[in-house]
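2 protein chains.
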Amino acid sequence: MARSTSTQRSLPPSDEIGPGFESHVPGVDYGVLDNLVGYAIRRAQILVYDDFLQALAPWDITPPRFSALVLIARNPGMKQTDLAQLLGIARSGVVMLTDGLEALGYVRRVASKTDRRAYMLELTSAGSKALSAIEAAVREHDARMSSRLSEAEKSKLIQLLARIGPAGEQQ
Amino acid sequence: MARSTSTQRSLPPSDEIGPGFESHVPGVDYGVLDNLVGYAIRRAQILVYDDFLQALAPWDITPPRFSALVLIARNPGMKQTDLAQLLGIARSGVVMLTDGLEALGYVRRVASKTDRRAYMLELTSAGSKALSAIEAAVREHDARMSSRLSEAEKSKLIQLLARIGPAGEQQ
DNA sequence: TATTGTTATACTCTATAACTATA
DNA sequence: TATAGTTATAGAGTATAACAATA
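Chains as they are written, first to last, in the numbering used here: chain A, 5 to 175; chain B, 5 to 175.
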């Protein structure tokens, strides 16, 4: 392709890194990548993650933090170990995640009455209030990312993605 | 929900972390997460990434390494800067990526004849040979991850994912 | 004995910034 | 003056292992 001099694309506005990620640069041969579900997911994920971070920056919320907030809100009283399992991360990771959400004033550790080793997680009233705004921002972000899809296509996409996974699992 | 004692699910076989990530634990309320395209993508990505790593471990190949290999194979003569742009990472990242692939004997840096600052990337014959096996393994992995989808659904999914992205881009 | 939360540690990934040699 | 590759450094994110308190 010899893009060296000819196809030289407009370079990044900031130093080093450009608009993040162009999912499909014209004139480039992506070979098998274009036929892989995994690569399509990866591509989309990079774009979504980047936009999420920007959109939720005012609340200092990352995807894992958002997932944790929603899960705690909808399932109050979970132990940290429970959350670790739901998020698929180690318990030590939940400690730091919880520390962060506690520092933001969104989450509270409540001593369990049945197990003195454990803490039950719940939202503070500030966290509950913040989550409303945060959820709205996330919905807006999500709508923007799928704005080229109809509602039907969006549902279809979610449904198809839910069936992705190694051979004998879920469903 | 009070899963503390009652709903206590079978715990990880290894210490700390379980089978990775259960995308949807029954009895748990995922709230808005179930309606977000972004979360569906994130879920799928975690499962795919994990399986990819296991499947490609024999070749010591990660998703970024695989993408790089394919792009170099199909577009020989790219500069490292070109690859950085395609992958959406910093130039310094490509240096290490290339170092790794060079150490594996798969990629070669060839001095450009037109620009003495630049190197053109290309596969070695060993890299070319290895890529055949690697591609086969990746295809197998990808087929396993989407084994619950028909060919038509798989195509549809790839097509829908390609349309994900912030408002005014691609397509 | 096993589990909960915690800490300490390390490892990976990647960005930033500065440097050099070219252009 | 700008760009290619490189290096050094630092910051996330997350895993592992060990520990005290409790079960």
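For glycine and all other residues, C-beta sits at the position ideal for the given N, C-alpha and C.
Query: Compare the beta carbon distance of ARG113(A) and GLU106(A) with 9 Å and say whether it is the shorter of the two.; Result: yes
Query: Anything in the region 127-157 of chain B with a Cβ closer than 8 Å to a Cβ of chain A? List those residues in chain order, please.; Result: GLU139, VAL142, ARG143, HIS145, ASP146, ARG148, MET149, SER150, SER151, ARG152, LEU153, GLU157
Query: In chain order, what residues of the same chain lie with their CB nearer than 7 Å to the CB of PRO67(A), ignoring the 5 residues before and after it?; Result: TYR53, PHE56
Query: By Cβ distance, which residues of its chain are closer than 6 Å to ARG121(A), with the 5 residues on each side in sequence left out?; Result: none
Query: Under 8 Å Cβ-Cβ, which residues of chain A neighbour ALA77(B)?; Result: GLY35
Query: Against chain A, with Cβ distances strictly below 9 Å, would ARG47(B) count as a contact?; Result: yes
Query: Do VAL74(A) and GLY42(B) have their C-beta atoms within less than 9 Å of each other?; Result: no
Query: What separation, rounded to the nearest whole angstrom, lies between the Cα atoms of ALA156(A) and ILE162(A)?; Result: 10 Å
Query: Relative to the C-alpha of MET149(A), which residue among VAL32(A), LEU51(A), GLU26(A), GLU126(A) is closest?; Result: LEU51(A)
Query: Do you know how far the Cα of LEU164(A) is from the Cα of ARG152(B)?; Result: 9 Å
Query: Cutting at 8 Å between CB atoms, please list the residues of its own chain near GLU144(B), excluding the five before and the five after it.; Result: ALA59
Query: Taking a contact to mean a Cβ-Cβ separation below 9 Å, would you say ALA61(B) touches ALA48(A) in this structure?; Result: no
Query: Around the C-beta of ALA72(A), are 16 or more other C-beta atoms found within 10 angstroms, so that it is buried, or is it exposed?; Result: buried
Query: Whose C-beta lies closer than 6 Å to the C-beta of LEU87(B) among residues of the same chain, with five residues either side of it excluded?; Result: VAL98
Query: Taking buried to mean at least 16 other C-beta atoms within 10 Å of its own C-beta, is GLY109(B) buried or exposed?; Result: exposed
Query: Excluding five sequence neighbours on each side, which residues of the same chain lie with their C-beta closer than 6 Å to the C-beta of ALA171(B)?; Result: none
Query: Taking only beta-carbon atoms, is GLY24(B) less than 9 Å away from chain A?; Result: yes
Query: To which residues does DSSP link ALA115(A) through a beta bridge?; Result: TYR123(A)
Query: Could you check if THR118(A) is buried or exposed, using at least 16 other CB atoms within 10 Å of its CB as the buried criterion?; Result: exposed
Query: Measuring only between beta-carbons, confirm whether GLN174(B) sits less than 9 Å from chain A.; Result: With a pLDDT of 42 at GLN174(B), under the threshold of 50, the predicted position of this residue should be treated as unreliable, though the coordinate-derived value follows. For GLN174(B), the answer is yes, since a Cβ of chain A falls inside 9 Å of its Cβ.
Query: Would GLY92(B) pass as an interface residue toward chain A - the criterion being a Cβ-Cβ separation below 9 Å?; Result: yes
Query: Among ALA77(B), ALA147(B), ASP33(B), whose alpha-carbon lies nearest the alpha-carbon of VAL111(B)?; Result: ALA77(B)
Query: Name the two residues that bound the continuous alpha helix (DSSP H) containing TYR53(B).; Result: 41-60
Query: Which bits of chain B does LEU51(A) rub up against, with CB to CB less than 8 Å?; Result: ILE168, GLY169, PRO170
Query: Tell me, please, whether the CB atom of ILE162(A) is closer than 9 Å to any CB atom in chain B?; Result: yes
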